[in-house]
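J.: Each residue of the sequence shown is one higher than the one before, starting from 127 at the first, in my numbering. Yeah, the Cβ is synthetic: ideal placement off N, Cα and C, and Gly gets one too. Structure provided below as structure tokens; questions to follow.
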Amino acid sequence: MKCINKIIPVLTAGSLLFFAAGCGANCAEEVVSPFPQYDASAYSFQSAATGSDVSTFSKDLCVIGRENTSLDNTHYQNVGGAGLFDRNTTDVRYAYNVHERLYPASTTKVLTLYLAVTSGKLDDIVTVSANAVDQASDSSVCDLNTGDQISLRNLCYGMILRSGNDASVAIAEYLGGSVEGFAAMMNQFANSVGATNSNFVNPNGLPDENHYTTVYDMYLILNEGIKNDEYLRILTTVDHTANYTNAAGESVSKDWTTTNPYLIGKEDAPEGVVVLGGKTGTTGAAGYCLINLIQNMAGDYQVATVYKADGRSNLYLVMNEMMGNYAN
């Protein structure tokens, strides 16, 4: 099995360390949202799982209300929401509609990954169901087949790198008993980290009017995920070779490469910024989406997210503008 990482993540006392491995605050008009609105002033970090109060729960988190900040020098009009959250300083460097409910598309998979690495045993062998394989012809898949015997670890790589919707469903069925059961796990975890303005109904982000989140909620989710070694390893991997067997017991080997263009040189990050990993997502309803874990010249680790860009070029335009403004 081959894995190529740009970095090897190590956790120390809640901080991220990475070692190289060979291989203007103007408020703009709010976007029209299809989701019920809520009063952001009442936004609470109360955690149903922990019962912790706001002062304890938000101590090491970036916190912001509904205000938009630092919009100067960005084409924010071309996206539905965007945010840059500094994990080292807990400052919100950039915020545009970060509490607006939006469709997350395949960025949903960063939540599915967290549940996979924390709720399952990655070396467990999963039998791929017909339901997991039954994806639309234009769906992003790993080309799994019914009866394939594949490790949970390989399913995670296929889901994050290839953005496999089939792998996502296979993970959900294995851990939750069904897609619906897994969705309940997703919502329970989201609520436990304060991502209470979200609702998830599937593991892959395929369109559903009841499947939504916010830029801020996804920061909370990714921020929790990257505290886990296995999570970081998978999220930051560029290439992976999966070896497994099909229903006939024959060996299968497939190579998967990340869809994140920053990791494979198709997009250049601003000078002084290193994109460590992340997840893309695109559907007609969600637009073009991307969540990145980055590091700037000061050594600060940041979560940078753009949701509902009106085109691929504007997704990377706004992402680069946002990251570049805080490269130092």
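Which term fits A296, buried or exposed, when burial requires 16 or more other beta carbons within 10 angstroms of its beta carbon?
T.: As a position in the sequence shown, residue 296 is number 170, starting the count at 1. When all chains shown are included, A296 counts as buried.
J.: Leaving out five residues before and five after Y414 in sequence, what residues of the same chain have Cβ atoms less than 7 angstroms from its Cβ?
T.: Within the sequence shown, residue 414 is the residue found at index 288, counting from 1. Once the five neighbours on either side are set aside, the close Cβ partners of Y414 are T408, A435, G437, R438, L441.
J.: Rounded to whole angstroms, what's the CA-CA distance from G398 to N325? Just pull it up for me.
T.: In the sequence shown, residue 398 corresponds to position 272, counting from 1. In the sequence shown, residue 325 corresponds to position 199, counting from 1. Between G398 and N325, the C-alpha separation is close to 36 angstroms.
J.: I'd like to confirm the pairing. Which residues does DSSP put opposite N418 in its beta bridges?
T.: For the purposes of this step, residue 418 is identified with residue 292 of the sequence shown, where counting begins at 1. Answer by DSSP bridge pairing, in chain order: G404, A430.
J.: Within 10 Å of its beta-carbon, does D250 have 16 or more other beta-carbons around it, so buried, or fewer, so exposed?
T.: Position 124 of the sequence shown, counted from the start, is the residue given in the question as residue 250. Result: exposed.
J.: Hey, Y452 and L281: beta-carbon distance below 8 angstroms or not?
T.: Here residue 452 refers to the residue found at position 326 when the sequence shown is read from its first residue. Here residue 281 refers to the residue found at position 155 when the sequence shown is read from its first residue. No.
J.: How is D355 classed by DSSP in three states: helix, strand or coil?
T.: As a first step, residue 355 must be located in the sequence shown, where it is residue number 229. Correct three-state label for D355: helix.
J.: Indicate the three-state DSSP secondary structure (helix, strand or coil) for L301 in the structure shown.
T.: Counted from its first residue, the sequence shown places residue 301 at position 175. L301: helix per DSSP, three-state reduction.
J.: What do you get for N369, buried or exposed, if any count of 16 or more other CB atoms within 10 angstroms of its CB means buried?
T.: By one-based count along the sequence shown, residue 369 stands at place 243. Per the 10 Å Cβ criterion, exposed.
J.: Take the Cβ of M423 as the centre, count every other Cβ of all protein chains shown within 10 Å, and call the residue buried at 16 or more, exposed below.
T.: As a position in the sequence shown, residue 423 is number 297, starting the count at 1. Answer is exposed; the Cβ neighbour count stays below 16.
J.: When DSSP builds the beta bridges, which residues end up paired with I276?
T.: As a working note, residue 276 is residue 150 in the sequence shown. Bridge partners of I276: V252.
J.: Pick out whichever of C268, Y345, L443 has its Cα sitting closest to the Cα of T234.
T.: Locating residue 234 in the sequence shown gives position 108, counting from the first residue. The option with the nearest alpha carbon to T234 is Y345.
J.: Would you check if the distance between the CB atom of A293 and the CB atom of C268 is smaller than 8 angstroms?
T.: To locate residue 293, count along the sequence shown from 1; it is residue 167. To locate residue 268, count along the sequence shown from 1; it is residue 142. Yes, they are a contact pair.
J.: Nearest to E299 by CA position, among T238, R213, S232, is which residue?
T.: Stepping through the sequence shown from its first residue, residue 299 is reached at position 173. Selected option, being the one with the closest Cα: T238.
J.: Can you grab the Cα-Cα spacing for the pair G246 / L416, in whole Å?
T.: For the purposes of this step, residue 246 is taken as the residue at position 120 of the sequence shown. For the purposes of this step, residue 416 is taken as the residue at position 290 of the sequence shown. Using only the alpha carbons, I get a separation of about 26 angstroms.
J.: Sort I286, Y427, A262, I276 by Cα distance to R359 and report the nearest one.
T.: Taking the sequence shown and counting its residues from 1, the one referred to as residue 359 is at position 233. Closest by alpha carbon: I286.
J.: Would you kindly check if the distance between the Cβ of A430 and the Cβ of G273 is under 8 angstroms?
T.: Mapped onto the sequence shown, residue 273 falls at position 147. Mapped onto the sequence shown, residue 430 falls at position 304. Result no, Cβ atoms of G273 and A430 do not sit closer than 8 angstroms.
J.: Can you tell me the Cβ-Cβ gap for L419 and T340, rounded? I've got them flagged as a contact below 8 angstroms.
T.: In the sequence shown, counting from the first residue as 1, residue 419 sits at position 293. In the sequence shown, counting from the first residue as 1, residue 340 sits at position 214. Their Cβ separation, rounded to whole angstroms, is 18 angstroms, which puts L419 and T340 out of contact at 8 angstroms.
J.: Start and end of the beta strand (DSSP E) containing V236?
T.: The count along the sequence shown starts at 1 and reaches residue 236 at position 110. Counting along the chain, V236 falls outside any beta strand (DSSP E), though it belongs to the alpha helix (DSSP H) covering 235–245.
J.: Of all the options S232, S265, S277, which has the alpha carbon lying nearest to the alpha carbon of T253?
T.: Residue numbering aside, residue 253 sits at position 127 when the sequence shown is read from its first letter. Cα-wise, what sits closest to T253 is S277.
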